[in-house]
Amino acid sequence: MTSLFVGLMTAVCLIIALMLSAWLCFYQLHIEDLSLQDHGLVVTTSRPHRLLWRWGACITLKNTGSQPLEDLQKRRPYRARTLSGKELQLIHDETVGPWDTTMGSVRIHFPSTLFHTGFLRIPSLLWLIFLLIPMVVTLILGQLLLRMLLLIIASAVLISSVLWIAFYWMSSRTSLARRHRLFREKLQRLHKTRVLKSCPRGPERAITIGQVGQLYEFFQSFIKDRSMYYICSNLVIPVTEDCKLSYAELVG
Numbered sequence: 005m006t007s008l009f010v011g012l013m014t015a016v017c018l019i020i021a022l023m024l025s026a027w028l029c030f031y032q033l034h035i036e037d038l039s040l041q042d043h044g045l046v047v048t049t050s051r052p053h054r055l056l057w058r059w060g061a062c063i064t065l066k067n068t069g070s071q072p073l074e075d076l077q078k079r080r081p082y083r084a085r086t087l088s089g090k091e092l093q094l095i096h097d098e099t100v101g102p103w104d105t106t107m108g109s110v111r112i113h114f115p116s117t118l119f120h121t122g123f124l125r126i127p128s129l130l131w132l133i134f135l136l137i138p139m140v141v142t143l144i145l146g147q148l149l150l151r152m153l154l155l156i157i158a159s160a161v162l163i164s165s166v167l168w169i170a171f172y173w174m175s176s177r178t179s180l181a182r183r184h185r186l187f188r189e190k191l192q193r194l195h196k197t198r199v200l201k202s203c204p205r206g207p208e209r210a211i212t213i214g215q216v217g218q219l220y221e222f223f224q225s226f227i228k229d230r231s232m233y234y235i236c237s238n239l240v241i242p243v244t245e246d247c248k249l250s251y252a253e254l255v256g
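Going by our numbering, the residue at position 215 of the sequence shown is 219; the numbering climbs one at a time, nothing skipped.
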């Protein structure tokens, strides 16, 4: 009975430790919104960022659809200032536009995540040490047979891998990504019988003012007063990338 309890506790701690290790090594949060606000350039993440300190973490932006935004970090990385559980102010010496985006991701690279992220105000490094203690104690005391220990490790790796894939898939479903999917489904219902095909450049590739209004109305909560840079990179390109056609060809 004691061996079973020890084995169960070791397996649970190992699964959590592996999940935490994967999260730290591949730390990535999807962007819900990034815009220039009163206190500067502010990014809102899809999930809590878990940054412990108000200042200090260096972050990287990826797939934002704004090339000037990503070019800045090649010269000097952004530093993050925590505003709330999901909001970060990006600090950089230079400023260029366009800034607005609601796509892409924020990354903090390993091993910085060990010290800058955590739970309950405790750094992730200390959590990892705490979670691995049962494993170390079990090995030292020899309370489990080698065969059982290997089985526990293999099971923990398998379970944590499945959980990590599920977690990553769920975290990638941002508000804008769901809106893209609903818009494509709406277009499919409106054009059930029409075969999508390319057409030559020129008047045949034009769209009506009504079709422009349809796009605006559907994504109005995201567009707000943003420019065509935003509309093209965040709305038009993602909606049309699967069919490899222009927006005019997609909506007919």
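Note that CB positions come from ideal geometry on N, CA and C, so glycine has one too.
Quantities reported herein were computed from a predicted structural model and do not represent experimental measurements.
Tell me the start and end of each unbroken alpha helix (DSSP H) in the segment 160–220 that is at least 4 residues and wholly inside, in chain order. Within the segment 160–220, the complete alpha helix (DSSP H) segments of 4 residues or longer fall at 179–194, listed in chain order.
Go ahead and pull the three-state DSSP assignment for Phe122. According to the sequence displayed, residue 122 carries Gly and not Phe. Strand.
Beta-carbon separation (whole angstroms), Leu18 vs Met152, contact threshold 8 Å: 13 Å between Cβ atoms; not a contact.
Quick check on the burial criterion: 16 or more other C-beta atoms within 10 angstroms. Buried or exposed for Ala160? Under this definition Ala160 is a buried residue.
Between Thr244 and the rest of its own chain, which residues show a CB-CB distance below 6 Å, the 5 nearest in sequence each way excluded? Tyr251 and Leu254
Rounded to a whole number of angstroms, what is the C-alpha to C-alpha distance between Gln71 and Ala21? One C-alpha to the other measures close to 36 Å.
Taking all protein chains shown into account, decide if Ile63 is buried (16 or more other Cβ within 10 angstroms of its Cβ) or exposed. By the neighbour-count rule (16 or more Cβ atoms within 10 Å), Ile63 is buried.
Expected contact under 8 Å - CB spacing of Gly108 and Gly69 to nearest Å: 7 Å
Assuming contact is defined by CB atoms lying nearer than 9 Å, are Trp57 and His113 in contact in what I supplied? no
Between Met174 and Glu98, what straight-line distance do the alpha-carbon atoms span, to the nearest angstrom? 34 Å
Helix, strand or coil, according to DSSP, for Pro138 in the structure here? helix
Proximal residues to Ser128 (C-beta, below 6 Å), its chain only, five neighbours per side dropped: Leu28, Leu118, Thr121 and Gly122
If you draw a straight line from the alpha carbon of Ile144 to that of Ala15, how long is it in whole angstroms? Their backbone Cα atoms lie some 16 Å apart in a straight line.
Whole angstroms is fine: what's the gap from Pro242's alpha carbon to His184's? 7 Å
Beta strand (DSSP E) segments (min. 3 residues) lying fully within the segment 55–108: 62–66, 82–86 and 91–95
Going straight from the alpha carbon of Ile95 to that of Leu162, what length do you get? Using only the alpha carbons, I get a separation of about 40 Å.
Smallest Cα separation from Phe223: which of Ser202, Leu186 and Val199? Leu186
Drop a sphere of 10 angstroms on the beta-carbon of Phe9, count the other beta-carbons inside from all chains shown, and report buried for 16 or more, exposed for fewer. exposed
Rounded to whole angstroms, what is the Cα-Cα separation between Gln215 and Leu38? 27 Å
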